[in-house]
Amino acid sequence: MNLGNLARVVTVAAACLAAVGSATSNSNPPAVTPQPNNSPPPPQEMDAARALGLWRSTFGAVKIEADNSHGGIQAGAVQGIWMYQRQGQEVIGYFSGNLRGNVLQFRWNEPNNPPLTGEGYLVFDQQGRQYSGRWWSDKRDRVGDWNGWRQASNQQPNPYGQPAYGEQPNPYGGQTYGGQGYGAQQPQPYAPQQQPYPPQQPQPYAPQQYPQQPPQQQPQPYYPQQQPQPQPYYPRN
191 MNLGNLARVV
201 TVAAACLAAV
211 GSATSNSNPP
221 AVTPQPNNSP
231 PPPQEMDAAR
241 ALGLWRSTFG
251 AVKIEADNSH
261 GGIQAGAVQG
271 IWMYQRQGQE
281 VIGYFSGNLR
291 GNVLQFRWNE
301 PNNPPLTGEG
311 YLVFDQQGRQ
321 YSGRWWSDKR
331 DRVGDWNGWR
341 QASNQQPNPY
351 GQPAYGEQPN
361 PYGGQTYGGQ
371 GYGAQQPQPY
381 APQQQPYPPQ
391 QPQPYAPQQY
401 PQQPPQQQPQ
411 PYYPQQQPQP
421 QPYYPRN
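When we follow our numbering, the leftmost residue of the sequence shown carries the number 191, and every step to the right adds one.
Given below as structure tokens:
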């Protein structure tokens, strides 16, 4: 792995750590049946792209991607990293190899003093949901199983895009893979909110009609009442 690929893998590690987390999660690996020896089983047909992406594993977070410097996924060339905690320190290991069907045979190295190197293989299920395999050091003084499974889909995203309490936002100081965290939600284009009811049209102004008053009667002229005239008195004889 050249320096350019190494730098890119370190950047990928930041996204891998943020999206998957460490292997100390409460998620339990599914039951797998590793091979009893260091020989992988015969490969079965599988779409090579199903092996790519983020995984949880017994060695912490894992990221597998195409190794374009050796022909890419069309040639079955893949590379990846794993990350885990050891005595409070992050440990990053690297592997690369050839994927034939659902079987990946790889070489790995882990920085140490002296560096640890070795080989191994992984067997993926044909749906790309989990893998099982074995690894061993070149000196055969270290050997073990390596099981992996996909990140649970029910994990809630952080709505504010901020790291969890006690978590570093980017432990390597660079951009995460693809410019943002793996699985980050893309902003949606703005669409004006639809009104549930059509807006009410303004009505033209009309002056308020008042009820008409009946015409008032004109006052009649006053005529004084005629008083009867007194008759003259004539005494009777």
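Even for Gly, the Cβ is constructed at its ideal location relative to N, Cα and C.
Item                                                                                                                            : Value
Among F296, A251, M236, L306, nearest to Y274 - alpha-carbon criterion                                                          : A251
Selection from S322, M236, V268 that minimises the alpha carbon distance to G243                                                : V268
Where S259 falls: helix, strand or coil (DSSP)                                                                                  : helix
Helix, strand or coil at Q234 according to DSSP, with G and I counted as helix                                                  : coil
Rounded separation between G262 and A256 - CA only                                                                              : 5 Å
Contact belief for Q295 with G287 at Cβ below 8 Å, rounded distance in angstroms                                                : 5 Å
N258, buried or exposed, once every other Cβ within 10 Å from all chains shown has been counted against 16                      : exposed
A264 (DSSP reduced to helix, strand or coil)                                                                                    : Contrary to the premise, residue 264 reads as Gln rather than Ala in this sequence. Looking at Q264 - three-state DSSP - the assignment turns out to be helix.
Which of helix, strand or coil DSSP assigns to R330                                                                             : coil
Of the residues R276, G291, R290, P301, the one placed nearest Y284, counting alpha carbons only                                : P301
Contacts around R290, its chain only, beta-carbon distance under 7 Å, and the 5 residues preceding and following it disregarded : P233, G266
Three-way DSSP call (helix, strand, coil) for A208 in this model                                                                : Any reading at A208 must be qualified, since the residue scores a pLDDT of 49, below 50, and its modelled position is unreliable; the value itself is stated next. Reduced to three states, the DSSP call for A208 is helix.
Cβ separation of I254 and A241, assumed to be a contact under 8 Å, to the nearest whole Å                                       : 6 Å
Contact belief for R246 with G323 at Cβ below 8 Å, rounded distance in angstroms                                                : No, R246 and G323 are not in contact; Cβ-Cβ is about 15 Å, not under 8 Å.
Pick from Q317, S327, D315 that is closest to P304, judged by C-alpha positions                                                 : S327
Euclidean distance between Cα positions of Q279 and G318                                                                        : 30 Å
Pick from Q320, T248, M236, D237 that is closest to D335, judged by C-alpha positions                                           : T248
Sequence-distant residues of the same chain with beta carbon closer than 8 Å to E235, five excluded per side                    : G291, N292, Q316
Paired residues, beta bridge with Q279 - DSSP                                                                                   : R276
Residue(s) in a DSSP beta bridge with S229                                                                                      : Its beta-bridge partners do not exist; DSSP assigns none.
Residue-level contact to chain C via CB, V333, 8 Å cutoff                                                                       : Of the protein chains in this structure there is only one, and it is not chain C.
With 16 other Cβ atoms within 10 Å as the buried cut-off, status of Q320                                                        : buried
Other residues of its chain near V281: CB distance less than 6 Å, five sequence neighbours each side excluded                   : Y274
Backbone CA spacing between W272 and D237 [nearest angstrom]                                                                    : 22 Å
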